[in-house]
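*Asks:* Protein chains in written order, with the working numbering: chain A, 1 to 500; chain B, 501 to 784.
First the structure, then my questions, so here it is.
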Amino acid sequence: MTNLDYYVMPWYQKFFVNIGLFFVSVGKGIAHFFCAIPGAIAGFFKMIVRGLAWYGKTLASGSIGTKLSYLIMGAGNLLHAQFIKGLIFLATEVAYIWFMINSGWTNILKLGNLGTTPRAEFFDEVYGIYRYPEEGAYDNSMLILLYGVFTIIITIAFISMYVANIKSSVYADECKSTGHKPPKFIDDIKNLFDGGFHKTLLFLPIAGILVFTITPLIYMISLAFTNYDANHQVPGNLFTWIGLNNFGKLMNSNLPLGKTFWNLLGWTLIWAVFATFLNYIGGIILALGINRKGVPCKGLIRTLFVMSIAVPQFVSLLVMRNLLAAHGPINETLLSLGWIRTALPFFTDPVWAKVTVIIVNLWVGIPYTMLMVSGILMNIPEDLYEAGRIDGASPVVMFTQITMPYILHVTTPYLITQFTGNINNFNVIFFLSGGGPETLDYYQAGKTDLLITWLYKLTVNSRDYNYAATIGILVFIILAIVSLVTFRNSGSYKNEEAFQ
Amino acid sequence: MAKNYNTGRKVASGVIFVVLLILGIIWILPLIWIILSSLSTDTGQPYTFIPKAFTLNNYKNLLFDAQQFKFVKWFLNTLIVAVCSCIGSTLMVLFVSFALSRLRFKARKPLMNVALILGMFPGFMSMIAIYYILKAFDLTKNPLVCLTIIYVAGAGMNYYIAKGFFDTIPKSLDEAAYLDGATKSQLFFKITIPLSKPIIVYTILTSFMAPWGDYVLPSLICGTDYDSYTVAVGMFKMITREFISTYYAQFAAAAVLVSIPISLLFIKMQKYYVEGVTGGAVKG
């Protein structure tokens, strides 16, 4: 099919072609995702091999200082009279070795089976009672795992320092052989505000993310491969590695756990589709209405809608929950008017609850889309309409050929982020229905729980950390596929610097 | 013909206006209801839209009777966290987005990809682990410090909008500055920052508003430490099953008091919000 064929099609055919293309690109995206994994792994190993080759070559060809740096960090710099730098490297090495001897090495060794000595009661002959041993006398699998992850991260940081030490020594050698002076410490500092400014800027943010995002994430990801569930709580019990069992259990729809997972996954996707597209369409219609020429009091109407989202979200959602409660004002008013016999089951009937959360989410979400589309409408270049008018286009034609394509084009990335955001939309479900109505068919979840609120309940209520972590990984995979399919096709990803 | 067309248009506009006005009123009704119930003499959960009698006692009790709920303390707690974390977060966001937008270095693309991947993991996954890490640093005794640290530490990940803004500043400015002998830090402080007022305001406002609405993280970290609750945790407590029948009106009053400053800030911010969300996209 050529472009020309596409343009002469009637609009409904275009629609079907677009839907077809969408599924083709989803398939392609998933294929790309899985094809990219081996490539990425191969690239990683290639990088390591190249690094090791460089490591060996430099050892063979380097100066005495460089060779010494392989054993004593900073030696090369010290020989080139770069004292402060050399001493910093040396101090790092001493500190790391001290840490490893003190605790690091045992931390790593214990990672193998996450502890062997459970906390057992013993008879204390001094007091004549049964009691638990002091902390430290038994193994705590959770702490072992946490410290182990920490030690690994510290080791990686040390290795990068080590490589920097060798590089720095080689650089000093090079300076010497070309007749320059090796940079002094003050030069290095100056460089941090010019050529290496990115290091200064990024140091704190990366350190923060490393400690408070990446470390906990690695820890939780490892939990997905253990049996740290309600029956293996520390410090009373130990937990250990069980491989991919958790994934197997979650995928098996015969078990209550797997059944819950598949049902909630289905509801999460339905929710994300409805919440995203209804909000989007509603917001566009609202914005078009408000921005229509000739409608009076635009400012007043806009303010009404903006007010409703300006209030903190948890407040407005809790208010909605009380408004719709079984004995809330809406039900009581309808009852007293005699319009209904029994209270409407807004949050007690599964189907009602699902519809309710989607509709209340419209209340929360439509003003956001309206705000954004209003902004876009004002940005549409006036000359497009001018040209349309000269060519004799009617308002309808101008709307379908100029306004709508423009809005759709600009808001596509927004639509994608909204979709992924809705898959993880914790607030609306948690504050509104709390996942309810509860059901015995599901494991620790209600009928309107999303995967993300189920994850929360599993960690906070039942403490099945391993299942929670597994769900987290599965949600990640879903989001990764969705974003890969869509982001890779968007212009802003392909051509980042076009407008600089 | 032309006249008919115009009258038709006017009627249509009128009808649209009425529909929009009704919709707008529906949208605002829950908020009016919360204001009304904060003024009710009935302190429990209301069954009607309009209370039978009005009083300001709920506000008085909320602010001055700190026996059960220490709202003033919670409000100050949240304010402190919000101010500290908004200063820290704004710096973090500006640093990261400037580095990724204007500077070129080997790790740039990999770092952006890592941030993209990290962003796809559900945030709650790591919260429990964060709690234990803070415990290892012995910080859990001071939940407010914890909260601030966590907000600031993670702020660097939200660089997209600011980076989109920096990307639109013409590169020729940078080149001119370099020709005049500016270092990269001088470029950042003397040229880019003064040009970025809108995005700085946007970042400050969003990071200031975040702690007011955040419930899950503070509730995990504060636990039962009543004195260091933030407003979100405290207010959620007010309408749990054991308290709702006596404290609902005070909850409503608290909601009104928290909402007023936040909504004023939001209304100020909405212009930047629109620019931020669409600004990066228009180019694509």
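Where a beta carbon is used, it is the ideal one built from N, C-alpha and C, also for glycine.
Just so you know, these numbers come straight off a predicted model, no measurement behind them.
I want to see whether chain A comes within less than 8 Å of B/ILE704, judged by CB atoms only; does it?
*Replies:* No, because no Cβ of chain A sits closer than 8 Å to the Cβ of B/ILE704.
*Asks:* Give the DSSP bridge partners of A/ASN438, in chain order.
*Replies:* One detail in the question is off: residue 438 of chain A reads as Glu in this sequence, not Asn. Paired residue(s): A/GLY446.
*Asks:* Taking a contact to mean a Cβ-Cβ separation below 8 Å, would you say B/SER626 touches A/PRO216 in this structure?
*Replies:* In this structure, A/PRO216 lies closer than 8 Å to B/SER626 by Cβ.
*Asks:* What would DSSP say about A/PHE506, mapped onto helix, strand or coil?
*Replies:* A query on residue 506 of chain A cannot be resolved here, the shown segment of chain A reaching from 1 to 500 and no further.
*Asks:* Quick one: is B/VAL596 near chain A, going by C-beta distance under 8 Å?
*Replies:* Yes, because at least one Cβ of chain A sits closer than 8 Å to the Cβ of B/VAL596.
*Asks:* Looking at the unbroken beta strand (DSSP E) that takes in A/ILE129, where does it start and where does it end?
*Replies:* That run of the beta strand (DSSP E) goes 129 to 131.
*Asks:* With a threshold of 8 Å between beta carbons, is B/GLY681 in contact with chain A?
*Replies:* No - not a single Cβ of chain A is within 8 Å of the one on B/GLY681.
*Asks:* Which value, in whole angstroms, describes the spacing of the CA atoms of A/PHE83 and B/PHE688?
*Replies:* Those two C-alpha atoms are separated by around 31 Å.
*Asks:* What does DSSP give as the partner residues of A/ILE241 in its beta bridges?
*Replies:* The sequence given here places Trp at residue 241 of chain A; Ile does not occur at that position. Answer by DSSP bridge pairing, in chain order: A/THR226.
*Asks:* Taking DSSP's pairing of strands, which residues face B/GLY540 in a bridge?
*Replies:* Looking at the sequence itself, residue 540 of chain B is Ser, so the reference to Gly does not match. Note: B/SER540 sits in a beta bridge opposite B/PHE554.
*Asks:* What residues in the stretch 629 to 643 of chain B bring their beta carbon closer than 8 Å to a beta carbon of chain A?
*Replies:* Of all residues in the stretch 629 to 643 of chain B, ALA629, ILE630, TYR632, ILE633, ALA636 have a Cβ within less than 8 Å of some Cβ in chain A.
*Asks:* Going residue by residue through the stretch 644 to 722 of chain B, where are the continuous alpha helix (DSSP H) segments of at least 4 residues, counting only ones entirely within it?
*Replies:* For the stretch 644 to 722 of chain B, whole alpha helix (DSSP H) runs of length 4 or above, ordered along the chain, are 660 to 667, 671 to 679, 697 to 713, 716 to 722.
*Asks:* What does B/ARG509 reach in chain A if we use C-beta pairs closer than 9 Å?
*Replies:* Within chain A, the residues near B/ARG509 are LYS293, GLY294.
*Asks:* Can you find the residues in the same chain that come closer than 7 Å, C-beta to C-beta, to B/ALA615, ignoring five residues on each side of it along the sequence?
*Replies:* Excluding positions up to five away in sequence, the list reads MET657.
*Asks:* Hey, B/THR640 and B/VAL581: beta-carbon distance below 8 Å or not?
*Replies:* Contact flag unset, no.
*Asks:* Once DSSP output is grouped into helix, strand and coil, what is the label at B/MET501?
*Replies:* Low per-residue confidence applies at B/MET501: pLDDT is 48, beneath 50, and the placement is therefore not dependable, though the value from the model is reported in the following sentence. Note: B/MET501 maps to coil in three-state DSSP.
*Asks:* Kindly indicate if chain B contains any beta-carbon less than 8 Å away from that of A/PHE44.
*Replies:* It does not; no Cβ of chain B falls within 8 Å.
*Asks:* Under 8 Å between C-beta atoms, does A/ALA469 make it to chain B?
*Replies:* Chain B, which has a Cβ nearer than 8 Å to the Cβ of A/ALA469, makes this yes.
*Asks:* Which chain B residues are close to A/TYR456, counting only those with a beta carbon under 8 Å from its beta carbon?
*Replies:* Those are PHE624, VAL716, listed as they occur along chain B.
*Asks:* Is the beta carbon of A/LEU257 less than 8 Å from the beta carbon of A/TYR467?
*Replies:* It is a contact, given that the beta carbons lie within the stated cut-off.
*Asks:* Closer than 9 Å by beta-carbon distance: list the chain B residues that pair up with A/SER316, in chain order.
*Replies:* Simply PRO530, LEU531, ILE534, ALA755, SER759.
*Asks:* 8 Å is my cut-off, CB to CB: does A/ASN77 come that close to chain B?
*Replies:* So, not an interface residue.
*Asks:* Determine the extent of the alpha helix (DSSP H) in which A/ILE306 is found, giving its start and end residues.
*Replies:* Before going further, note that residue 306 of chain A is Val rather than Ile in the sequence given. Run containing A/VAL306: 298 to 310, per the alpha helix (DSSP H) assignment.
*Asks:* Just to confirm, are B/SER540 and B/ALA754 a CB contact at a threshold of 8 Å?
*Replies:* No, they are not a contact pair.
*Asks:* Residues of chain E with CB under 9 Å from A/TRP363, in chain order?
*Replies:* Absence of chain E from the displayed structure is noted, the protein chains being A and B.
*Asks:* Any beta carbon from chain A within less than 8 Å of B/GLN770's own beta carbon?
*Replies:* Chain A contact via Cβ: present.
*Asks:* Counting beta carbon pairs with one atom in the stretch 417 to 436 of chain A and one in the stretch 202 to 212 of chain A, are three or more of them shorter than 8 Å?
*Replies:* The answer is no - the stretch 417 to 436 of chain A does not touch the stretch 202 to 212 of chain A, with fewer than three Cβ pairs under 8 Å.
*Asks:* Please classify B/PHE766: is it buried, with 16 or more other beta-carbons within 10 angstroms of its beta-carbon, or exposed?
*Replies:* It counts as buried.
*Asks:* Measure the CB-CB distance between A/THR348 and A/LEU324 and report whether it falls below 8 Å.
*Replies:* No, they are not a contact pair.
*Asks:* Can you list, in chain order, the residues of its chain whose CB lies under 6 Å from that of A/MET372, leaving out five sequence neighbours each side?
*Replies:* Closer than 6 Å at the Cβ level, and outside the excluded window around A/MET372, lies no residue.
*Asks:* For B/GLN545, decide whether its Cβ has a neighbour in chain A, counting only Cβ atoms nearer than 8 Å.
*Replies:* At least one chain A Cβ lies under 8 Å of B/GLN545.
*Asks:* According to DSSP, is B/THR746 helix, strand or coil?
*Replies:* DSSP places B/THR746 in helix when its eight states are reduced to three.
*Asks:* Quick one: what's got a C-beta closer than 8 Å to A/THR459's C-beta in the same chain, skipping five residues either side?
*Replies:* Closer than 8 Å at Cβ, skipping near neighbours: TYR465, ALA468.
*Asks:* Classify A/GLU93 as helix, strand or coil using the three-state DSSP reduction.
*Replies:* Of the three classes helix, strand and coil, the one that applies to A/GLU93 here is helix, per DSSP.
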